[in-house]
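My numbering numbers the first residue of the sequence shown as 670 and each following residue consecutively. Even for Gly, the Cβ is constructed at its ideal location relative to N, Cα and C. Below is one structure; the comments refer to it alone.
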Amino acid sequence: MKISSVFCHRALLAISFATCLLAPCRGAEPDLRDVIRDDFVFAAAQYGQLLDQVKGDPQQPRSFANGEIVTTRIQDWTSGFFPGALWLLYDYTRDPQWRTIAEEYTARQEPVKDITTNHDVGFMLYCSYGQGLRLTGNPAYREVLLQGAKSLSTRFNPAVGAIRSWDHGTWKYPVIIDNMMNLELLMWAARAGPAPRFREIALSHAEKTLANHFRADGSSFHLVDYDPATGAAVKKQTVQGAADGSAWARGQAWGLYGFTMMYRETRNPAYLAQAQKIARFLLNHPRLPADKVPYWDYDAPGIPDEPRDTSAAAIMCSALIELSGFAEPELARQCLAVAERQLRSLSSPAYRAPLGANGNFLLLHGTGHKPEKKEIDQPLIYGDYYFLEALLRFRARLPATVK
């Protein structure tokens, strides 16, 4: 389906009006309601043009590099984020055009339900089918998600007590911090099934991560390698960071989001304590810039001349907003204040793409995998997804936070 030119024209007119509305008066910042409204109008216009450009491509949009839109197969861990972003647009606008196009791109993900070779089935399905189920109640979506949870559970080794992440490399049983994000699918499936084993797997994985992934200051390693026979941790690394002992920014955000989500799902105080510890590490970090958009690694050697990572900022922002609903009062206030600054920064010309530019993705300056020189200073579809999610989450908090 093509988003109509009339719809895009309406969006462009609204952006022109919103630009005037958001122009600061004597240095005052615009009301965050207006910022959020402008961001969604902009997102509708950008994605309307992006959809026109990828028409006929059966794959999912991922990034933009060397003047070309990069799309990816559904087997890629990022494949569920574009349909998820379309669902978030529908959530905000309630425009049936966005529902129809979200359904189309979500349907592409259906074969993922049977994939057992990828630990990111949670990302791939819960961000697409999960958002669709939340917004439509489509019972067919429920069945896809339950089968996906079953496939994901095959990667669990009871001796280790965790879900295996990668099948490549020389590791014996690698588990990465990103994998915390996939537990939400299992927790949902345990309720929807019902399938108690899914909950048991998720809890075991969270406990194993809590025991081995984190340092005393609340920062985390990226990867822990386990002995598959005994479950003992044999190696700790930060594969996508500056060094094994460094705090890779997106990894810290995954941990923050993951343990906040697990507290929401279980009300286990240990998970809340860990989420708060991670938050304090990040919020008080001396190398978190004033605009609260982190460098790709908090310990990158070339700071302040290192690349930023808007995807890490967006994930962190969304997590902080949720954590603010659970945290101790002073930390909750700090979480929400930093999240607001992050949203304002990401919505500014420094990080939000000009209309029609950036391959029609939303955020500039993402960093995918700097050690391998991949996706540096590019848009990243998961950055867009968590940006939109954070906007919706903050909007839900506005009556209590912004007068």
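If the five residues before and after W756 are omitted, its C-beta is found closer than 7 Å to the C-beta atoms of A771, Q800, G801 and L804, all from its own chain and listed in chain order.
Taking C-beta atoms under 8 Å as the contact rule, Q728 and T747 fail to qualify, at a distance of about 11 Å. With a minimum length of 3 residues, the unbroken runs of beta strand (DSSP E) contained wholly in the segment 845 to 927 fall at 892 to 895 and 902 to 906. Contact holds between the segment 806 to 825 and the segment 837 to 856, because three or more Cβ pairs, one in each stretch, are under 8 Å apart. Counting C-beta atoms within 10 angstroms of its own C-beta, A942 has fewer than 16 neighbours from the protein chains shown and is therefore classed as exposed. In this chain, the beta strand (DSSP E) harbouring E737 covers E737 to T741. In this structure, the straight-line span from the alpha carbon of R763 to that of E991 is close to 23 Å. Take A871, set aside five residues on each side of it, and the residues of its chain with a beta-carbon closer than 6 Å to its own are L852, L855 and M856, in chain order. In this structure, E1009 is the residue among E997, P998, F711 and E1009 with its C-alpha nearest to the C-alpha of M985. Annotated as proximal: G1035 and P1048, with beta-carbon spacing under 7 Å.
I846 and W923 do touch by the CB rule: their CB atoms are close to 5 Å apart, below 8 Å. Between S888 and A918, the C-beta gap is not smaller than 7 Å, which leaves the two residues out of contact. If you draw a straight line from the Cα of S822 to the Cα of A859, it comes to about 11 Å. Taking C-beta atoms under 8 Å as the contact rule, K841 and Y795 fail to qualify, at a distance of about 28 Å. By the CB criterion at 7 Å, N848 and H891 fall outside the cutoff. In chain order, P897, A898, T899 and G900 place their CB closer than 8 Å to the CB of A828, counting only its own chain and leaving out the 5 sequence neighbours on each side.
The segment 943 to 959 and the segment 1016 to 1034 do not touch, with fewer than 3 CB-CB distances between them shorter than 8 Å. A straight-line Cα-Cα distance of about 14 Å links T929 and A1059. A check of alpha carbon separations from G994 across H837, A1065, I947 and G914 identifies A1065 as the nearest. Exclusion of the five residues before and after S1014 leaves D960, K961, V962, A982 and Y1020 as the residues of its chain whose Cβ lies within less than 8 Å of its Cβ.
In the three-state reduction of the DSSP assignment, E772 falls in the helix class. In terms of Cα proximity to R936, the closest of A861, G862 and A996 is A996. Here I1050 is actually not in contact with P752; their C-beta atoms are around 10 Å apart, not less than 8 Å. Counted as a single uninterrupted DSSP element, the alpha helix (DSSP H) harbouring G753 occupies residues F750 to T762. In this structure, the CA atom of W767 is about 39 Å from the CA atom of A939.
In this structure, A1022 and L1005 do not form a Cβ contact; the two beta carbons are roughly 26 Å apart against a cut-off of 8 Å. DSSP assignment within the segment 972 to 1041 yields the following whole beta strand (DSSP E) runs of 3 residues or more, N-terminal first: 1035 to 1038. When L1031, G806 and G1052 are compared, the shortest CA-CA separation from Q718 is found for L1031.
In the DSSP assignment, L1049 is bridged to S732.
Here the C-alpha atom of T785 lies approximately 7 Å from the C-alpha atom of R824.
Counted as a single uninterrupted DSSP element, the stretch harbouring K724 is not any alpha helix (DSSP H), since DSSP gives it neither H nor E. Around the beta carbon of V813, 16 or more other beta carbons lie within 10 angstroms, which makes this residue buried. If only complete runs of 3 or more residues are kept, the segment 940 to 971 shows no beta strand (DSSP E) anywhere. In this structure, G1052 lies near S980, with their beta-carbon atoms less than 7 Å apart. In this structure, G830 lies near S873, with their beta-carbon atoms less than 7 Å apart.
Going by DSSP, V813 is part of the alpha helix (DSSP H) stretching over P808 to S822.
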